[in-house]
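Novice:
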Amino acid sequence: LPVEEYPHVRARLPLAEEWSEFSRVCYLPPQAAAYDITFRLHGEGTLAVDAIEGRALRPEEFTVPSQGARIRGANSDAATVWYETSLKKVYRDARTPEAEIDAVEIAAARGESEAFQIVLVPREDADGVRVRWQDLLGPGVLHREHGRAAWVEYVNVTRPRAPLARIGWTPDPLLPDDSRDLRGGQVQPVWLSFTVPKDARPGLYRGAVQIEPAEREEYYGYYSRPSLPVTRIPVKLRVLSYALPEEPALTTMARITRCPPEGREAFRENFRAHRVTGEAYAGPLPARVSPDGNVALEFAPFDEAVERYLAKGLLLLNFPGTFLGDARGFFEEDGRWHGLELFSPGFNQAFTSYVYQVARHLREKGWLRHAILQLWDEPTGEAREMHRRLASLVRAAAPDARVCLATPPDSELLDDVDIWNVPLPDGYEESAARAFRERGGELWGYDNRLYSLDVESSSIEMRAYPWRLYRYGFSGAEWWSVSEWLGDPYTEPDRCGAQNGGGFLLYPPRNGAVAPVNSIRWELYREGVEDYDALALLAQRHAAACERLGVPDGSFDVETLLARITGRVARSIADATRDPRDVIAARELVDRLIEMASASSPCVVRFKEDRKGVFLEGLTLPRAQVSFGGVKARANAAGRVRFALPDEWRLPTGAGASPRN
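When we follow the numbering used here, the leftmost residue of the sequence shown carries the number -14, and every step to the right adds one.
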């Protein structure tokens, strides 16, 4: 078999004098007869293998269960219509669900976007079908302009590239076309999202999404094919009483490696809409470096570019001119920096002067807090020692510059790194992560497995990714590229890194547009970032309520509470639930607890268990009345109150303690 198709498993093992377990899900091509298992030891030692076991997974272990339901009154002789959550990808072989609902029900905080899908299956071909939002009415009016509709497009996966990969027509691009011609008998999902304005009044809003036929046009004496009848999909949106913060709690750096020259601003607007903190590149900084080590910098074009960049609402940029190489080697073919050999006297003088001047300028502008300084990406062997020496030059020139390094934490480099960007899941080691945080370091993560669009559960796994980051104490995430199109990703999704979807989460602009086309994966990442914001907000509101109520330290510990909640979605550093009900229930519980902690009579809770099962014990003001999910209860004289958990909110008792502690 070709090397990239040969089945193998790689496991990074920590240096430890005890047994450890790992498990991996792998795709075994039908033509393969064996698997290679490679153990990689960092350092010298002896590896003892006790047992290797393998088994075939059952489909229910890796498929995403449907929460779909037909819409009462929306089906006709012309078409079948049903609802599906945003967490399940709808393939062309999807079956009509048996369940029925009267309306689509969603909830969102102010400043948050919420998405779902409507699936159309026309009996016959239908031209020019449109799907449009109507105004939502409640305590105020939420205008239709805040809603968006996109047609789910399919890419043809011909070669499985990931564990649990699925070949065939795979949903991923979200085309913003105004209308679409539908084929009779073919499943066609529509991606619908609504962004709640920051100033919206909390409460329940009612409205609809409307499926509209094309206007009949005569063409050479013939009418176009008949379209669908006008169909109304009722929608109920509950606007929560809290708002998401303007700046996301999770830092996200996403690189734009390919885009039309005139399209970069549109990409940045897309980033802002998806709560991405920034890209690596803000603008050029012309530099003249002489052989004797003198450095002259021209800041005017750089300043102009950064001002435009920050005006877009982006808050993270790379320290310019210091990123020298990655796992493949030097970026410059001659292995030099501005013609100077690394660590020569001229280089040491020039590099130190360059870092000093840039840091001073950024500091004076108030921009240094937005900058991260990267020297090398994923260094190995000699490159690790080069990074250490480069970092020492940076520390001497700009002690307050934040050095970011992408590699598993290394005790020899702890003093040289401020932000450790950990390759997940294999690069994570809990004791090393804890030691780094205790020194004041910041953890970011990157999980390149999530690019894989050929995995059926890639949608829910992308939504769950920020839950994993929160549970394990990560404050940032990096995408090495969102636009590495080595071919046409609409027709060749596996051109980069032998991975379907590798290197891109956005698709190239179409039909003369400059804005990129979103994907299901990218939309679900945004929803996960919003979940992270809600978790961070719950931690803040819970702590404030504890202080107001005079709660003894540790008796209603917020980290224990959040570990229990996030554990339902983030099962481990490597794995997450594939059941949409877990994500929906956990997020709804977070919303309820934020509202309780923020009330005029604040209430904080903890999980308790007795012979009847799991329940919530709350603490509030004496005799105060508290509402939980519409159920009101009055506290006793000590301020204690008890709430039963509905079945969908019952969290497993084994969710575990927080690795953040």
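Every residue, glycine too, gets a C-beta built ideally from N, C-alpha and C.
#1: Assuming G430 is part of the beta strand (DSSP E), what are its boundary residues?
#2: Quick test of your reading: E130 and V104, contact by CB under 8 Å. State the CB separation rounded to the nearest angstrom.
#3: Would you mind sorting W429 into buried or exposed? The rule is 16 or more other CB atoms within 10 Å of its CB.
#4: Classify V616 as helix, strand or coil using the three-state DSSP reduction.
#5: Check this for me: beta carbons of L302 and H355, under 7 Å apart or not?
#6: Per DSSP, C389 forms a beta bridge with which residues?
#7: Which residues bound the alpha helix (DSSP H) around A111?
#8: Output the distance between the C-alpha atoms of V106 and L160, rounded to the nearest integer angstrom.
#9: Could you pull the start and end residues of the alpha helix (DSSP H) that G552 belongs to?
#10: In whole angstroms, give me the CA-to-CA distance for Y204 and P198.
#11: Measure the C-alpha to C-alpha separation of A498 and R117 and round it to an integer number of angstroms.
#12: Under DSSP, the beta strand (DSSP E) around N141 begins and ends at which residues?
#13: Buried or exposed: which applies to G96, given that a residue is buried once 16 or more other Cβ atoms fall within 10 Å of its Cβ?
#14: Is T337 helix, strand or coil when you go by DSSP?
#15: Give me the residue from S178, N60, V220 and R257 with the minimum Cα distance to E232.
#16: Return the residue from the list C11, M238, E138 and P276 that minimises the CA-CA distance to A147.
#17: Quick test of the definition: if touching needs 3 or more C-beta pairs under 8 Å, does the segment 373 to 383 touch the segment 522 to 541?
#18: From the DSSP secondary-structure annotation, give me the bridge partner or partners of P219.
#19: Could you name the residues of the same chain whose beta carbon sits closer than 6 Å to that of W154, not counting the 5 residues immediately before and after it, in chain order?
#20: Assess, as a yes-or-no matter, whether the segment 494 to 514 is touched by the segment 447 to 466 under the definition of 3 or more beta carbon pairs within less than 8 Å.
#21: Look up E367 in the DSSP assignment and say whether it is helix, strand or coil.
#22: Report buried or exposed for A228, applying the criterion of at least 16 other Cβ atoms within 10 angstroms of its Cβ.
#23: Please identify the residue among R563, L574 and I569 whose C-alpha is closest to the C-alpha of F47.
#24: Between A609 and the rest of its own chain, which residues show a CB-CB distance below 6 Å, the 5 nearest in sequence each way excluded?
#25: Could you check whether the segment 335 to 350 touches the segment 271 to 278, counting it as contact only if at least three pairs of C-beta atoms, one from each stretch, sit closer than 8 Å?
#26: Within a Cβ cutoff of 6 Å, which residues of the same chain sit near S468, ignoring the five residues on either side of it in sequence?
#27: I want to know whether the segment 48 to 58 touches the segment 109 to 129 - three or more CB-CB distances under 8 Å.
#28: If you run the structure through DSSP and keep just helix, strand and coil, what is Q484?
#29: Does DSSP put I688 in a helix, a strand or coil?
#30: Compare the beta carbon distance of F101 and S71 with 7 Å and say whether it is the shorter of the two.
#31: Let me know the alpha helix (DSSP H) ranges lying completely inside the segment 216 to 260, each 4 residues or longer, listed in chain order.
Specialist: This is what the structure holds:
#1: Numbered from 1 along the sequence shown, position 445 holds the residue referred to as residue 430. G430 -> beta strand (DSSP E) spans E427 to Y431.
#2: The residue labelled residue 130 in the question sits at position 145 within the sequence shown. The residue labelled residue 104 in the question sits at position 119 within the sequence shown. The pair is not a contact, with the Cβ atoms about 25 Å apart (cut-off 8 Å).
#3: In the sequence shown, residue 429 corresponds to position 444, counting from 1. Buried is the call here.
#4: Numbered from 1 along the sequence shown, position 631 holds the residue referred to as residue 616. Note: V616 maps to strand in three-state DSSP.
#5: Your numbering for residue 302 matches position 317 in the sequence shown. Your numbering for residue 355 matches position 370 in the sequence shown. Result yes, Cβ atoms of L302 and H355 sit closer than 7 Å.
#6: As a working mapping, residue 389 is identified with position 404 in the sequence shown. Partner(s): Q359 and I404.
#7: Position 126 of the sequence shown, counting from 1, holds the residue named residue 111. A111 -> not in any alpha helix (DSSP H); beta strand (DSSP E) instead, spanning A111 to W118.
#8: Taking the sequence shown and counting its residues from 1, one reaches residue 106 at position 121. Taking the sequence shown and counting its residues from 1, one reaches residue 160 at position 175. Taking the straight line from one Cα to the other gives about 18 Å.
#9: If you number the sequence shown from 1, residue 552 lands on position 567. V543 to V554 is the span of the alpha helix (DSSP H), which, as asked, contains G552.
#10: Here residue 204 refers to the residue found at position 219 when the sequence shown is read from its first residue. Here residue 198 refers to the residue found at position 213 when the sequence shown is read from its first residue. Confidence in Y204 is poor, its pLDDT being 44 and thus under 50, which makes the residue's placement unreliable; the coordinate value appears in the next sentence. Distance between the alpha carbons of Y204 and P198 is about 17 Å.
#11: Position 513 of the sequence shown, counting from 1, holds the residue named residue 498. Position 132 of the sequence shown, counting from 1, holds the residue named residue 117. A498 and R117: Cα-Cα distance of roughly 21 Å.
#12: The residue you call residue 141 lines up with position 156 of the sequence shown. Its beta strand (DSSP E) spans residues G132 to V142.
#13: Locating residue 96 in the sequence shown gives position 111, where the first residue counts as 1. Buried, since its Cβ has 16 or more Cβ neighbours within 10 Å.
#14: Locating residue 337 in the sequence shown gives position 352, where the first residue counts as 1. Correct three-state label for T337: helix.
#15: Here residue 232 refers to the residue found at position 247 of the sequence shown. Residue R257 is the option with its Cα nearest to E232.
#16: One-based indexing of the sequence shown puts residue 147 at position 162. Ranking the options by Cα distance to A147, first place goes to C11.
#17: no
#18: On the sequence shown, residue 219 is found 234 positions in, with the first residue counted as 1. In the DSSP output, where bridge partners are listed per residue, P219 has A193.
#19: Indexing the sequence shown from 1 puts residue 154 at position 169. Result list for W154: R77, Y139 and N141, in chain order.
#20: yes
#21: For the purposes of this step, residue 367 is taken as residue 382 along the sequence shown, with counting starting at 1. Looking at E367 - three-state DSSP - the assignment turns out to be helix.
#22: Locating residue 228 in the sequence shown gives position 243, counting from the first residue. Buried.
#23: Here residue 47 is taken as the residue at index 62 of the sequence shown, counted from 1. Considering only alpha carbons, the answer is R563.
#24: One-based indexing of the sequence shown puts residue 609 at position 624. Here the set comprises S586 and A620.
#25: yes
#26: Numbered from its first residue, the sequence shown carries residue 468 at position 483. Excluding residues within five positions, the ones whose Cβ falls inside 6 Å are I241, T242, R243, C244, F489 and L491.
#27: no
#28: Counting from 1 along the sequence shown, the entry for residue 484 is found at position 499. Looking at Q484 - three-state DSSP - the assignment turns out to be coil, as it is neither helix nor strand.
#29: Past the boundaries of the shown model lies residue 688; the chain is included only from -14 to 646, so the question cannot be answered.
#30: Stepping through the sequence shown from its first residue, residue 101 is reached at position 116. Stepping through the sequence shown from its first residue, residue 71 is reached at position 86. Yes, Cβ-Cβ distance for F101 and S71 is below 7 Å.
#31: 249 to 258
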